[in-house]
Amino acid sequence: MATTEDYLLNKFNFLIDNVAPVNFQLGLIFMNKIMDGKVGFVTGSASGIGRATAIEISKQGGVVVVSDINREDGEETVRIIRSFGGQAEFMKADITREADVINLIDYTVANFGRLDFAHNNAAGAMQTMELADYDSETNRWALNMYLESMFYCLKNELLVMKGNGGGSIVNTASMAGIFGVGLSGPYVATKHGVVGYTKSAALEYAKYGIRVNAVCPGTVLTGLTENMPKGEFDFSKLTQAQAIKRLADPSEIAYPVVFLLSDMASYITGLIMPVDGGAGISFASVE
Ligand SMILES: NC(=O)c1ccc[n+]([C@@H]2O[C@H](COP(=O)([O-])OP(=O)(O)OC[C@H]3O[C@@H](n4cnc5c(N)ncnc54)[C@H](O)[C@@H]3O)[C@@H](O)[C@H]2O)c1
Numbered sequence: 009m010a011t012t013e014d015y016l017l018n019k020f021n022f023l024i025d026n027v028a029p030v031n032f033q034l035g036l037i038f039m040n041k042i043m044d045g046k047v048g049f050v051t052g053s054a055s056g057i058g059r060a061t062a063i064e065i066s067k068q069g070g071v072v073v074v075s076d077i078n079r080e081d082g083e084e085t086v087r088i089i090r091s092f093g094g095q096a097e098f099m100k101a102d103i104t105r106e107a108d109v110i111n112l113i114d115y116t117v118a119n120f121g122r123l124d125f126a127h128n129n130a131a132g133a134m135q136t137m138e139l140a141d142y143d144s145e146t147n148r149w150a151l152n153m154y155l156e157s158m159f160y161c162l163k164n165e166l167l168v169m170k171g172n173g174g175g176s177i178v179n180t181a182s183m184a185g186i187f188g189v190g191l192s193g194p195y196v197a198t199k200h201g202v203v204g205y206t207k208s209a210a211l212e213y214a215k216y217g218i219r220v221n222a223v224c225p226g227t228v229l230t231g232l233t234e235n236m237p238k239g240e241f242d243f244s245k246l247t248q249a250q251a252i253k254r255l256a257d258p259s260e261i262a263y264p265v266v267f268l269l270s271d272m273a274s275y276i277t278g279l280i281m282p283v284d285g286g287a288g289i290s291f292a293s294v295e
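According to my numbering, the sequence shown is numbered sequentially starting from 9.
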C-alpha cells in the first residue's frame, strides 16, 4: 500500500520532471539582461567601436549617454538605440578638454542619478610615418588626444565612482598598446600609456569596488581605419599574419567591452584584453 511518503515523493518527481523545466525556460526568457539598471556613457560613440558598444549596452538593458564631438552622428546613435526601445541621450564632449569631461560626468549623474560604468574610447586618426619624421607639435597632439584625455576621463570617473561605492570602467587601448607597430610611434607610445593607466587604476581602486580593464582591438573596420591618411602604411596588411584573416566588425569589440562593464566580470580587473583575431599569438605565420 502506498504511504504518504510515496505520495509526496511521486508529487516531487512529477514537479521535477514537468514543472521545473518550464520554470527554467521561463527563467531564461525573463532573465535580467547583463546591463539592467546600469547607467553610464561611452565616449566616441558617434561611430565605430563606440557606437557599437553604446548599442549593445542598450540591448543589454543599460541607460547610455552617447558622447562625441560629432553631434549629428552621435544623435544618429541615439536614434538607433531608441528605435528598439533603448534609453539614450546625446551629450557633446571633447575628451581632450577636462572641462568637457567633467560636464559629461555631471550631466550623466544629474540626469540619471549615478555613474555605474564608463567606456573611454574616443580618438581621432593620426598621420603615419617614421618616428623621426613626426614634428613635436604632432607628437604633443597625440599625447593630448590619446593619453592626457584618458587621464581626464579616469581621474574624474574614479572620483565619482569612489563616492558611489563602485563602478566599472573599460578603456579602449589597442594591440599597439602591447606591441610595436610600424609608422605610428606616438600612437604606439600613448596606447602603451593607456595600458599603464589601466593597471594603476585597477590596482588602486579595487578596494573602492571599482574595476578598470582595457580592450586592445587589432584591426577593426571603422571611420578611424577608413579615414587613416593613405601613406606607406597599409592597414589591411595587418590582418595577414593573424589567425582570423579579416578586419573585425565593431560589434566584435563591443561584446567583450559590455561583458567587462557588466557584473558578469565581477572578478576581473586590470585585464588588458586583446580582441585581435589572434594577431598576438604567433611569432610568424607559415601558411
Ligand atoms: N579601428 C581600429 O582598428 C582600432 C584598433 C585599435 C584601437 N582602436 C581604438 O578604438 C577607439 C575607437 O576608434 P574607432 O576605430 O571606433 O574610430 P571611429 O573614428 O569610428 O570612432 C571614433 C569616434 O571618436 C570621436 N572623437 C574623435 N576625437 C574626439 C574627441 N576629441 N572627443 C570626443 N570624441 C572624439 C570621433 O568623432 C568618432 O566618432 C580609439 O581609441 C582607437 O584608437 C581602433
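For each residue, glycine too, the CB sits at the ideal point set by N, CA and C. Keep in mind the model is a prediction, meaning the values are calculated, not measured.
Which residues DSSP lists as bridging residue i, in chain order
i: P225; result: V283
i: G171; result: G171 pairs with nothing; no bridge assigned.
i: K100; result: D76
i: M137; result: S192
i: N128; result: N179
i: R87; result: None, per the DSSP bridge assignment.
i: A256; result: V228
i: G8; result: The question about residue 8 has no answer here: the residues shown for the chain are numbered 9 through 295.
i: V220; result: I177
i: Q95; result: V71
Residue closest to residue i, alpha-carbon to alpha-carbon, out of the options
i: A150; options: L211, A133 and K163; result: A133
i: A60; options: P258, S290, M272 and G231; result: P258
i: K199; options: E84, G188 and I88; result: G188
i: Y142; options: Y195, A287 and K253; result: Y195
i: K41; options: I77, G94 and N78; result: G94
i: V109; options: R87, F243 and S157; result: S157
i: S53; options: A209, D76, T146 and G45; result: D76
i: A96; options: V72, T104 and Q135; result: V72
i: N128; options: F159, A292, G217 and L191; result: F159
i: D271; options: R79, G174, S91 and R105; result: G174
i: F243; options: R105, L112, R90 and T136; result: T136
i: R105; options: I261, Y154 and G45; result: Y154
i: L255; options: T116, G285, Y115 and G231; result: G285
i: I103; options: V86, T51 and R90; result: T51
i: S144; options: S274, F291, G193 and L167; result: G193
i: G58; options: K207, N78 and A184; result: N78
i: N111; options: E212, E138, F49 and A197; result: F49
i: A273; options: V220, A287, Y216 and G231; result: V220
Coarse secondary structure for residue i, derived from DSSP in three states
i: S182; result: coil
i: G3; result: Residue 3 is absent from the model: the chain starts at 9 and stops at 295.
i: A292; result: coil
i: Y275; result: coil
i: R122; result: coil
i: G70; result: coil
i: L34; result: Annotation note: pLDDT 48 at L34 (below 50); position unreliable, no value reported.
i: I113; result: helix
i: N235; result: coil
i: D108; result: helix
i: Y142; result: coil
i: A197; result: helix
Residue i: CB within 8 Å of a non-hydrogen atom of ligand 1
i: G48; result: no
i: C224; result: yes
i: G217; result: no
i: A54; result: yes
i: K113; result: A small correction: the amino acid at residue 113 is Ile; Lys does not occupy that position in the sequence shown. Not under cutoff, so the answer is no.
i: K245; result: no
i: S157; result: yes
i: A181; result: yes
i: G231; result: yes
i: I57; result: yes
i: P258; result: yes
Below-9 Å beta-carbon distance, residue i vs any chain C residue
i: C224; result: Reference to chain C is not applicable here, since this structure consists of a single protein chain.
Task: At least 3 beta-carbon pairs within less than 8 Å: the stretch 264-280 vs the stretch 62-73 - done: yes
Task: Stretch-stretch touch, CB-based, cutoff 8 Å, three pairs: the stretch 158-174 with the stretch 223-239 - done: no
Task: Stretch pair the stretch 176-186 + the stretch 114-123: three plus CB contacts closer than 8 Å - done: no
Task: the stretch 242-254 / the stretch 268-279 touching (three or more Cβ pairs under 8 Å) - done: no
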